[in-house]
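Structure record follows, encoded as structure tokens.
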Amino acid sequence: MSSSIISPDSHNSIAAKPKLIPFIKQIKPALWLIPFGLFFYLFQLAPMVWVFINSFIYDDELSFENYSDVLNSPFMMQAFGNSLWLAVWSSLIGLAIATLLVSSLRRVDCKLRDGVIAFTNMSSNFSGVPLSFAFIIILGTNGAITLLLKQYGLLGDFDLYGKWGLLAIYIYFQIPLAVLLLYPAFDALDDDWQSAAALLGAKTSHYWVKVALPVLSPALFGTLIILIANAIGAYASVYALTSGNYNVITIRIASLVSGDLFLEPNLAAAISVILMMLLAFITVINQWLISKSYAGRK
Amino acid sequence: MQNVNTHLHKTVVYSIICLMLVPILATFIYSISSRWGATILPDGFTLDWYIKLLTDPRFLQAFGRSLFICIAALLLSVALVLPAIFVVFYYFPKLDKLMNMLILLPFAVPPVVSSVGLLQLYADSEISLVGTPWILIGTYFTIALPFMYRAIANSFEAINLHDLMDAAYLLGASTTKAFMLIILPNLKKGLMASLFLSFSFLLGEFVFANILVGTRYETLQIYLYNMRQTSGHFTSALVMTYFLFIFLLTWLASRFSRGIQ
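In order, the protein sequences belong to chains A and B.
Using my numbering, the letters of the first sequence map in sequence onto residues 1 to 298.
Using my numbering, the letters of the second sequence map in sequence onto residues 1001 to 1261.
Structure (structure tokens):
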């Protein structure tokens, strides 16, 4: 399109002239987008493209060998299973606790509310390595609370370095994120609705099941997706807690590209693509659920 | 009835917050105690762990490196994002939709996945980037991008960009001058809030630092991880110092964002 406008001997050059000036005028501002685009390409797009293409390359040939290797390996499937188990349960429990907190938060005075929001803002950055260390200090094998609880025989066979310990850490870092994402969404609830429901004879539980939760469902599902993606992609906490000995998918990917031996970047690329497809699949299901919900039908 | 309910809600809020505070408080008590065995309270209190930490040259170096990387990454982000958003909003408003999709990518792609590609692309290239702080600065730009873009774009939506620019032109200013003297001061608060917020989570970034650089350029998080075998009291002093810094940054961020409203 541009070349036909600029070419001087084209018969409609006179008609195109008013268009020519804005076009040239737009070149200079467009130049300002180039550095941004370049850095974004180098550090975000190019690695993604590399991962996608190389996941199909096995021994310098185009094949699905990497994928079948991953899908046929019980070890990899266990990693996917562990990641999904941790992600789904920590997201559901974290979301439930956050919903409880936010719904109560709207009923207390605003000084306490501001304080709590400021605290969650801050603790949302308390994750990864420092958080794992805090958990080791209090709940590790020689942790202060572990020893205290063991004295009274209360802890049973809780092991911080196994799946229940990891679940506890995951829930801990999911709660602040869920609160920050849900808090604005609760503005959609009108206080009069609860009074109206009560006037019509509904109990509080009725109000929540029939009115509040359906209205909030898009926000709840949307938050759930972000929490699941956040948990599946988590790496630092597991790595710091178990030195990479607990089998989750991010640990597998990292050890295939930066471990001491057995470097197989193309296999890591295939796992990454499967992981991204899994996330995309969860998002699609989620969108479908939102469209089916009360708010989606409106 | 109303009163009972308020008490119930207060109890819920307080109990969840207390549960969230337990790891932080326990770490704090651990960091100032000389020895803490199987008792409710530690045997004695001391500030030795903090003195030991703050006089450790390796800690100070790691902290300095982290500050350098975060500040450099944020400066780069501002230099790249600010002109780009201005151009998008003023000249190509239709691109905003595309930009909003692009900035979701750093969110949607886990850092572990990006680092697979980054390692292969930049390990053997002519200027080897892997193992240097420069690759971290580039990747931290992508992590900060979604937050910076949203915050700055919100500020742009709040001001009357086209009217302000027209007024500046009418008074004889060039585009650059109008941008620097009229638009930039209007964005200051939103920009500062997003900068402090990005700073606080860039300081906690571990995945890229560990996989792409590791011990070759020891940042704060890597130092923290490498200290895991030392005394628990020492590491808790380290965690608390880090947390204090995060507290400071988020407090500054909230001060600036309160200024917006």
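Virtual Cβ for every residue (Gly too), placed ideally from N, Cα, C.
Predicted model only: the values in this text are computed from it and were never measured.
(request) Name, please, each residue of chain B whose Cβ falls closer than 8 angstroms to the Cβ of SER127(A). (result) Counting from 1 along the first sequence, the entry for residue 127(A) is found at position 127. Using a Cβ-Cβ cut-off of 8 angstroms, SER127(A) is close to GLY1204 of chain B, given in chain order.
(message) Does any residue of chain A have a CB that is nearer than 9 angstroms to the CB of GLN1061(B)?
(response) Translated into the one-based positions of the second sequence, residue 1061(B) becomes position 61. Not flagged as an interface residue toward chain A: GLN1061(B), since no C-beta distance is shorter than 9 angstroms.
(request) Kindly say whether MET1(A), judged by its beta-carbon, lies nearer than 9 angstroms to any beta-carbon of chain B. (result) Translated into the one-based positions of the first sequence, residue 1(A) becomes position 1. Note that MET1(A) has pLDDT 38, beneath the 50 cutoff, so the model's placement of it is unreliable and the number below is only indicative. At least 9 angstroms separates the CB of MET1(A) from every CB of chain B.
(request) Check whether the stretch 103 to 122 of chain A touches the stretch 243 to 258 of chain A, counting contact only when three or more Cβ pairs, one atom from each stretch, lie closer than 8 angstroms. (result) Verdict: no, contact absent.
(request) List the residues of chain B that LEU105(A) touches, going by C-beta distances under 9 angstroms, in chain order. (result) Along the first sequence, read from residue 1 onward, the residue named residue 105(A) stands at position 105. HIS1009, VAL1012, VAL1013, listed in chain order.
(message) Which complete alpha helix (DSSP H) runs does the stretch 1111 to 1177 of chain B hold, if anything under 4 residues is left out?
(response) Fully enclosed alpha helix (DSSP H) runs of 4 or longer: 1111 to 1123, 1133 to 1158, 1161 to 1170.
(request) Using a Cβ cut-off of 7 angstroms, pull out every chain B residue sitting near PRO35(A), in sequence order please. (result) Here residue 35(A) is taken as the residue at index 35 of the first sequence, counted from 1. Neighbours of PRO35(A) on chain B, chain order: LEU1080.
(request) Using a cut-off of 7 angstroms between C-beta atoms, extract the partners of PHE1179(B) located in chain A. (result) By one-based count along the second sequence, residue 1179(B) stands at place 179. Contacts between PHE1179(B) and chain A, judged by CB atoms closer than 7 angstroms, are missing: the closest CB pair is about 10 angstroms apart.
(request) Helix, strand or coil for TYR58(A), going by three-state DSSP, please let me know. (result) Taking the first residue of the first sequence as position 1, residue 58(A) is located at position 58. In the structure shown, the three-state DSSP call for TYR58(A) is strand.
(request) Return the residue from the list PHE133(A), ILE93(A), ASP59(A), PRO176(A) that minimises the CA-CA distance to ILE117(A). (result) Walking along the first sequence from the start, residue 117(A) turns up at place 117. Selected option, being the one with the closest Cα: PRO176(A).
(message) With a threshold of 7 angstroms on Cβ separation, who are the neighbours of GLU264(A) within its own chain once the five nearest residues in sequence on each side are excluded?
(response) To locate residue 264(A), count along the first sequence from 1; it is residue 264. Residues LEU256 of the same chain have their beta carbon placed closer than 7 angstroms to that of GLU264(A), with the five preceding and five following residues left out of the count.
(request) Compare the C-alpha of ILE226(A) against each of TYR1242(B), ALA1108(B), PHE1179(B) and name the closest. (result) In the first sequence, the residue the question calls residue 226(A) occupies position 226. Checking every option, the nearest Cα to that of ILE226(A) belongs to ALA1108(B).
(message) So, at 6 angstroms on beta carbons, what are the nonlocal neighbours of GLY140(A) in its own chain, with the 5 sequence-adjacent residues on each side left out?
(response) Reading the first sequence from its first residue, position 140 is the one you call residue 140(A). So the list reads LEU160, once near-sequence residues are dropped.
(message) Between which two residues does the alpha helix (DSSP H) holding SER83(A) run?
(response) Here residue 83(A) refers to the residue found at position 83 of the first sequence. If you look at SER83(A), you'll find it in the alpha helix (DSSP H) that goes 74 to 105.
(request) Using a Cβ-Cβ cut-off of less than 8 angstroms, give me the residues of the stretch 62 to 92 of chain A that come near chain B, in sequence order. (result) Within the stretch 62 to 92 of chain A, contact with chain B at the beta-carbon level (separation under 8 angstroms) is assigned to no residue.
(request) If I'm right that VAL1112(B) touches ALA254(A) with Cβ under 8 angstroms, what's the distance once you round it to whole angstroms? (result) One-based indexing of the second sequence puts residue 1112(B) at position 112. One-based indexing of the first sequence puts residue 254(A) at position 254. The Cβ separation is near 6 angstroms, so the contact holds.
(message) Closest to GLY81(A) by C-alpha separation, out of PHE43(A), ARG252(A), GLN194(A), would be which residue?
(response) Taking the first sequence and counting its residues from 1, the one referred to as residue 81(A) is at position 81. Of the candidates PHE43(A), ARG252(A), GLN194(A), ARG252(A) places its Cα closest to the Cα of GLY81(A).
(message) Please confirm whether TYR235(A) has its beta-carbon closer than 9 angstroms to some beta-carbon of chain B.
(response) Counting from one through the first sequence, the residue named residue 235(A) turns up at place 235. Judged by the 9 angstroms Cβ criterion, TYR235(A) is in contact with chain B.
(message) For the beta strand (DSSP E) containing SER258(A), name the first residue and the last one.
(response) Here residue 258(A) refers to the residue found at position 258 when the first sequence is read from its first residue. First-last for SER258(A): 249 to 258, but that is the alpha helix (DSSP H), not the beta strand (DSSP E).
(message) I want to see whether chain B comes within less than 9 angstroms of PRO184(A), judged by CB atoms only; does it?
(response) Working through the first sequence from its first residue, we reach residue 184(A) at position 184. Not one chain B Cβ lies under 9 angstroms of PRO184(A).
(message) Please state the DSSP three-state secondary structure of PHE39(A).
(response) Along the first sequence, one-based indexing puts residue 39(A) at 39. Residue state, collapsed to three classes: helix.
(request) Alpha carbon to alpha carbon, how far is LEU1202(B) from ILE1127(B)? Give it in angstroms, no decimals. (result) In the second sequence, the residue the question calls residue 1127(B) occupies position 127. In the second sequence, the residue the question calls residue 1202(B) occupies position 202. Cα to Cα, ILE1127(B) sits roughly 25 angstroms from LEU1202(B).
(request) Give the DSSP-derived three-state secondary structure of SER293(A) in the structure shown. (result) As a working mapping, residue 293(A) is identified with position 293 in the first sequence. Coil, per DSSP.
(request) Please list, in chain order, all residues of the same chain as VAL51(A) whose beta carbon is under 7 angstroms from its beta carbon, the five residues on each side excluded. (result) Translated into the one-based positions of the first sequence, residue 51(A) becomes position 51. Here the set comprises ALA269, SER272, VAL273.
(request) Take the Cβ of TYR41(A) as the centre, count every other Cβ of all protein chains shown within 10 Å, and call the residue buried at 16 or more, exposed below. (result) As a first step, residue 41(A) must be located in the first sequence, where it is residue number 41. If you draw a 10 Å sphere on the C-beta of TYR41(A), you find fewer than 16 other C-beta atoms in it, and that means exposed.
(message) I believe ILE137(A) touches ALA1253(B) by the beta-carbon criterion, under 8 angstroms. Please report the beta-carbon distance rounded to the nearest angstrom.
(response) Along the first sequence, read from residue 1 onward, the residue named residue 137(A) stands at position 137. Along the second sequence, read from residue 1 onward, the residue named residue 1253(B) stands at position 253. Not a contact, Cβ separation roughly 28 angstroms.
(message) Please classify ALA188(A) as buried or exposed, where buried requires at least 16 neighbouring CB atoms within 10 angstroms.
(response) Here residue 188(A) corresponds to residue number 188 of the first sequence, with the count starting at 1. Around the beta-carbon of ALA188(A), fewer than 16 other beta-carbon atoms lie within 10 Å, marking it exposed.
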